[in-house]
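Be aware that the sequence shown starts at 27, since it is given in our numbering, and climbs by one per residue.
For each residue, glycine too, the CB sits at the ideal point set by N, CA and C.
Here is the structure we will look at.
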Amino acid sequence: MRAPLFIAVLLYGLRLHAAVPEIQIPGGISSSLNREIILTPKEGEPGDPNALSVVVRYQKSHKTIASDIIVPFGQITEVEPYMKASWSPTGEYFAFNLRDCRHATETFVYRVTKSAITRIEIPYYWDQARKVLKPDADCFGGTDTPIRWLDEKTLLMRSQGGLRDESKYDLLVTIEFTDSKPLIRSVKLNK
């Protein structure tokens with residue numbers, strides 16, 4: 027009777043130490059910089075079972091440069107259709123998006139140094155969006171997607187979704203990441 031119990035405990039222990047699945051976000055590899063962005067489940071994170079590690083590592087050796095913990099809406103175990111990542115030309119910044127509620131995504135931006143990554147909050151851009159939409163526009167479930175870096179510190183992001191009056195919006199948001207703080211440079215209709 028002890029042998030089956032021992033085997034069950036051994037198998038359970040092996041399952042806990044099995045390889046953690048990696049999520050490779052489309053666009054997350056920069057061959058010219060030999061870097062890649064991956065997401066891995068952060069098992070045992072206090073307070074939230076959905077926590078993920080955002081890992082920046084060297085593409086060829088898989089040696090980790092730095093990582094951070096992020097908590098998306100819901101559990102993410104594989105690449106989802108909306109996911110997209112983009113590296114700045116010099117590799118100082120990268121951006122990617124994840125679901126932040128059932129019908130919306132949020133873009134996350136990080137600055138990379140030799141041994142750390144630092145998350146940078148994207149400024150609130152709806153005051154500027156209302157100028158090109160209508161003064162009382164109120165977003166209801168939208169997606170933010172990084173499109174590309176226009177230069178080493180300027181990100182072009184697409185924001186689209188619905189408004190509370192049931193109309194739709196599609197915007198291009200240009201964000202400049204300066205040394206002091208990020209600035210919204212423009213918000214335009216995507217035509």
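Assign residue i to buried or exposed, taking buried as 16 or more other Cβ atoms, counted over all protein chains shown, within 10 Å of its Cβ.
{"i": "SER141", "result": "exposed"}
{"i": "VAL105", "result": "exposed"}
{"i": "ASN60", "result": "exposed"}
{"i": "ILE95", "result": "exposed"}
{"i": "SER57", "result": "exposed"}
{"i": "LEU78", "result": "buried"}
{"i": "THR204", "result": "exposed"}
{"i": "THR103", "result": "exposed"}
{"i": "PRO98", "result": "buried"}
So, at 7 Å on beta carbons, what are the nonlocal neighbours of residue i in its own chain, with the 5 sequence-adjacent residues on each side left out?
{"i": "LEU189", "result": "ALA163, ASP164, CYS165, PHE166, TYR195"}
Have a look at the DSSP bridge pairing and note the partners of residue i.
{"i": "GLN186", "result": "THR169, ASP196"}
{"i": "SER93", "result": "VAL81"}
{"i": "SER57", "result": "Beta-bridge pairing links SER57 to no other residue."}
{"i": "SER112", "result": "ALA121"}
{"i": "SER87", "result": "Bridge partners of SER87: none, in fact."}
Please list, in chain order, all residues of the same chain as residue i whose beta carbon is under 8 Å from its beta carbon, the five residues on each side excluded.
{"i": "PRO115", "result": "TRP175, ASP177, GLU178"}
{"i": "GLU118", "result": "ARG137, VAL138, GLU178, LYS179"}
Kindly give me the distance between the Cβ atoms of residue i and residue j, rounded to whole angstroms, as I take these residues to be in contact under 8 Å.
{"i": "ASP170", "j": "THR144", "result": "Between THR144 and ASP170 the Cβ distance is about 19 Å, and since that is not below 8 Å, they are no contact."}
{"i": "ILE49", "j": "LEU65", "result": "4 Å"}
For residue i, which residues from the same chain have a beta carbon less than 6 Å from its beta carbon, with the 5 sequence-adjacent residues on both sides left out?
{"i": "ALA111", "result": "ILE51, GLY53, GLY54, ILE63, PHE122"}
{"i": "TYR84", "result": "ASN60"}
{"i": "TYR108", "result": "THR131"}
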